[in-house]
Structures are given as structure tokens and as C-alpha cells.
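Per the working numbering, residue 2 is the first one in the sequence shown, and the count goes up by one each step.
Here's the structure, in C-alpha cells; my notes come after.
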Amino acid sequence: MFSINENFLKLPGSYLFSEIAARVSAYRKAYPDKEIIRLGIGDVTQPLAPEIIKELHAAVDEMGNSKTFRGYAPDLGYAFLRGAIADQDYRQRGCDISAEEIFISDGAKCDSGNIQEIFGTDNIIAVCDPVYPVYVDTNVMAGRTGDYDPESGTFSGVIYMPCTKENGFVPEFPDRDPDIIYLCVPNNPTGTTLTIDQIQKWVDYANEIGAVIIYDAAYEAYITEDDVPHTIYQCRGARNCAIELRSFSKNAGFTGLRLGFTVVPKDIKAGETSLHSLWARRHGTKYNGAPYIVQRAGLACYTPEGRTQIREQVAYYMRNAGIIKEGLKGAGYEVFGGVNAPYIWLKTPGKMNSWEFFDYLLHKANIVGTPGSGFGPSGEGYFRLTAFGTFENTCKAMDRIRTLG
Ligand SMILES: Cc1ncc(COP(=O)(O)O)c(C=O)c1O
Numbered sequence: 002m003f004s005i006n007e008n009f010l011k012l013p014g015s016y017l018f019s020e021i022a023a024r025v026s027a028y029r030k031a032y033p034d035k036e037i038i039r040l041g042i043g044d045v046t047q048p049l050a051p052e053i054i055k056e057l058h059a060a061v062d063e064m065g066n067s068k069t070f071r072g073y074a075p076d077l078g079y080a081f082l083r084g085a086i087a088d089q090d091y092r093q094r095g096c097d098i099s100a101e102e103i104f105i106s107d108g109a110k111c112d113s114g115n116i117q118e119i120f121g122t123d124n125i126i127a128v129c130d131p132v133y134p135v136y137v138d139t140n141v142m143a144g145r146t147g148d149y150d151p152e153s154g155t156f157s158g159v160i161y162m163p164c165t166k167e168n169g170f171v172p173e174f175p176d177r178d179p180d181i182i183y184l185c186v187p188n189n190p191t192g193t194t195l196t197i198d199q200i201q202k203w204v205d206y207a208n209e210i211g212a213v214i215i216y217d218a219a220y221e222a223y224i225t226e227d228d229v230p231h232t233i234y235q236c237r238g239a240r241n242c243a244i245e246l247r248s249f250s251k252n253a254g255f256t257g258l259r260l261g262f263t264v265v266p267k268d269i270k271a272g273e274t275s276l277h278s279l280w281a282r283r284h285g286t287k288y289n290g291a292p293y294i295v296q297r298a299g300l301a302c303y304t305p306e307g308r309t310q311i312r313e314q315v316a317y318y319m320r321n322a323g324i325i326k327e328g329l330k331g332a333g334y335e336v337f338g339g340v341n342a343p344y345i346w347l348k349t350p351g352k353m354n355s356w357e358f359f360d361y362l363l364h365k366a367n368i369v370g371t372p373g374s375g376f377g378p379s380g381e382g383y384f385r386l387t388a389f390g391t392f393e394n395t396c397k398a399m400d401r402i403r404t405l406g
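Put into C-alpha cells, the structure is as follows:
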């Protein structure tokens, strides 16, 4: 008789987005003629840039020709894409990262969930609170945590590092040493970021205690301020302790196309064993490579025209972010983020908790956002709006909020 991986039973279920869907659908049923604006889920709305579409078409045509047809992609990614990434995302920023240290994948969600497989099950993880839920849930599945406590909204055995307005959303070093530290910079959900000096301190700390940093830079393209690094490898010593995750989802609209990559420097070692060799082994065994046509589309993001076009798309969303931020501020809200990230994190007014504010906004302004408490206990009393809507809807949403009074 088979048995199951009981660790899965520790997970409380993905309450957040199913509860949002249920409340929105109940509201729709009751008020079918109301026009709802969705500024909740972090999905893009703009179509793929023309250069990307051009490259996709060309690659599709190649697949229909016996001379240029491609079968399985190399497990770790095509050299043309790994080379472009190493060159433009790293070497041109003065970072010593080679193409061999880049592993192409179908996105940062899978990589951020899978990367824990190469670590011992007794490793202690540290996460920011609030947090992108994938980091914790995948460690729960792997048995690296204790049970969930519904009272505190936390798993035992996990180090939570609160990030609130009181500490400027900057995680503090925990009072016991973790083995794996997850950092998401710029941050989802708070939309805030860390400066290069702040990240350097985490790199020094990780090297001192022998920990690894899993650095999720899915929102790198949204950085506007000079003191925010575009990669953790701009910090001294990061080659010895940091794995970086990147995605094409938010910089180039690949949420439906699927492409990402992970950088594992060869210098991160446990004794004689490099994490690079373990991740290569894992990737080669469990993954058969991102599709050729999608990797060609990824390459389009590194051509001069493609770069310009995807930058314009990011600017479109950041204009929305500015409108939301200023609109909320004008309406008297306390607002964070939205400068180096497409997320705006606001303090719920008065004594309203995150879900109460969700209902308030849905009923009074027909706007859907995401309750901060869904990302962790320190998210209670906060709310997330995203800049990924259309410009028109974003402006309309802010007009509605302004007239709420
Ligand atoms: C912090 C963070 N990492 C990773 C992802 C997933 O990226 P991808 O679409 O590449 O899987 C997201 C998506 O919302 C995210 O917010």
C-alpha cells in the first residue's frame, strides 16, 4: 500500500487567491452591472513586444523546415541565450559570471521552488515576512519545516524576518543562524527594495556563517534608483554565497510564454562539492530544456531593438505605479514601494485589517487588490496594488479612490 508525502498535509491550502476569487464572484453575482477593476494579481496585461513576436515567428518557421528543425534543447539552455545573458546582464555590469554558470529554465517560480532540492533536509531557512509564498511552501513539502500554526500564521522551524514600516522593510539578521536565506529584491509583495550597502551586509553575513542566499531578482527591470544593484553579484563575495533567480515574465511579458534563469556560481561549495555541479545534475535529470522558440524569443530581449521595446513596456507599468502611488498619497493613504517595483504596498486606514480593507475597496470602489496578510503575519494591516493593469483602468481606479473621501 502506498503512502503519501505527509509534509503536504502541513500546508494550509492556498487560501489567498481562492478566497479573493470567491469574494469577487459573490460580489459579481450580487451586482452584475458593476465594472470591477483588477489590480490584484501580478500578471502583465501588455502584448509581447514586436521584436519578440518577430523572433518567435522566425523560430517557428525554422521548426517547420527539415534543415533548421531542432529537437530537444540542451538541458541547461542554448549557448546563444546563456552567452547573451552572461554578457549583458553580468559582464557589462562588471560582474564575473560566465555563460556556464547560467541555467535556462521555464521561469523563476519553478526555480525558486526547485532550488531547495540540492540542500540537506535539516537546513534551516530564513524568509522575509511578508513573503512570496513559494519559498516557504516548497520547503514545507520537502520536510524542512515543522507544523503550521494557524494562530501565528507561521511554520515552526522557519525563521521569519519581519519587514514592516517600522524597520523600513529591511530584514534584520535573525537571532539564530539560518543555512538558506531567501531575499527578493525588489520585493514582492511590498514593492520596496534594498540598497547595495544593505545587500552587501547580507552577503558578508552569509559568508561569515556559511549560509547561502537565494536572491530572487524577478523584478530587476523595474529598478530606477542608482543605489539599488541590478544583481547581487555587484556585491563583494557574492560569488561565494549567492544564487540568483531571474525571470522574463515581468520585464518582457513572458508570463504565458515561460522563460527564466538561475545563476549558480562555481565558487559556492560545501566541502569539495559545488552547488553548481548539483544544480547541473538536478536540471539535467529533471528538465529537458526550455523550448527553442521561447529561448529565441528570450534572445530578442537582448537585441538593441528588443531592449528598447521591453524598456518601454516596463516604463508603461511604472507610469501606472506612479499614478497609483501619487493617487493614494493624495487620498491620504500611507504608501510604500512603487519606485523600483511594480507593486504598491499601502497601510490600511484606521483599524481596518487587510481583509476588511479588501471588502471595503471591492464594495465601495469595485477595485480588487490583495490583502497583505495573505503573504505572512507581518503583512496584516497592509494591502498590495499592482501596476500591471492598463493605463486607463489604473487612472479610473485612482479616480474612484479619490472620490471615496
Ligand atoms: C518574487 C517572484 N519570484 C518569481 C515569480 C515567478 O516568476 P515566473 O513567471 O518566471 O515563474 C514571481 C511571480 O509573480 C514573483 O513575484
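Backbone N, C-alpha and C define an ideal beta-carbon position, used for all residues, glycine too.
Could you spell out where the alpha helix (DSSP H) holding residue i opens and where it closes?
| i | result |
| --- | --- |
| lysine 251 | 250-253 |
| aspartate 360 | 355-366 |
| alanine 59 | 51-64 |
| phenylalanine 392 | 392-405 |
| leucine 17 | 16-31 |
| lysine 348 | Taken as a continuous stretch (DSSP letters only), lysine 348 belongs to no alpha helix (DSSP H), being part of the beta strand (DSSP E) at 344-348. |
Using beta-carbon positions only, say whether residue i and residue j come within less than 8 Å of one another.
| i | j | result |
| --- | --- | --- |
| leucine 184 | isoleucine 214 | yes |
| alanine 222 | glutamate 52 | no |
| serine 153 | threonine 146 | no |
| valine 17 | isoleucine 294 | One point to set straight first is that residue 17 is leucine, not valine, in the sequence displayed. No, the pair does not count as a contact, with Cβ atoms beyond the cut-off. |
| phenylalanine 70 | threonine 263 | no |
| tryptophan 346 | proline 190 | yes |
| leucine 329 | leucine 40 | no |
| glycine 377 | phenylalanine 359 | no |
| alanine 74 | alanine 291 | yes |
| threonine 256 | isoleucine 325 | no |
| tyrosine 288 | aspartate 62 | no |
| isoleucine 37 | asparagine 367 | yes |
| proline 151 | aspartate 130 | no |
| tyrosine 408 | leucine 363 | Only positions 2 to 406 of the chain appear in the structure, and residue 408 is not among them; the question remains open. |
| cysteine 242 | isoleucine 200 | no |
| valine 135 | lysine 110 | yes |
| alanine 253 | isoleucine 311 | yes |
| alanine 388 | proline 343 | yes |
| glycine 339 | alanine 322 | yes |
| glycine 390 | threonine 155 | no |
| glutamate 102 | lysine 267 | yes |
| isoleucine 181 | alanine 212 | yes |
Is DSSP giving residue i helix, strand or coil here?
| i | result |
| --- | --- |
| valine 159 | coil |
| threonine 263 | strand |
| alanine 218 | coil |
| alanine 243 | strand |
| glycine 338 | strand |
| leucine 77 | coil |
| proline 13 | coil |
| valine 135 | helix |
| alanine 212 | coil |
| alanine 332 | coil |
| proline 372 | strand |
| lysine 326 | helix |
| serine 106 | strand |
| lysine 166 | helix |
| aspartate 112 | helix |
Considering residue i, what are the terminal residues of the beta strand (DSSP E) in which it resides?
| i | result |
| --- | --- |
| isoleucine 42 | From DSSP, isoleucine 42 is part of no beta strand (DSSP E); its letter is neither H nor E. |
| tyrosine 234 | Per DSSP, tyrosine 234 belongs to no beta strand (DSSP E) and is neither H nor E. |
| valine 128 | 126-130 |
| arginine 385 | 383-387 |
Got a sec: does ligand 1 put a non-hydrogen atom nearer than 7 Å to the Cβ of residue i?
| i | result |
| --- | --- |
| tyrosine 223 | no |
| glycine 43 | yes |
| serine 113 | yes |
| phenylalanine 299 | Here residue 299 is glycine; the residue named in the question, phenylalanine, does not match the sequence. Flag unset: Cβ of glycine 299 not near ligand 1. |
| serine 275 | no |
| glycine 261 | yes |
| cysteine 185 | yes |
| asparagine 140 | no |
| asparagine 189 | yes |
| alanine 291 | no |
| serine 248 | yes |
| lysine 110 | yes |
| threonine 286 | no |
| alanine 271 | no |
Which runs of the alpha helix (DSSP H) fall wholly inside the region 274-314 and span at least 4 residues, in chain order?
-> Within the region 274-314, the runs of alpha helix (DSSP H) that reach at least 4 residues and sit entirely inside it are, in chain order, 276-287, 293-301.
Whole alpha helix (DSSP H) elements within the region 171-200, 4-residue minimum = Correct list: empty.
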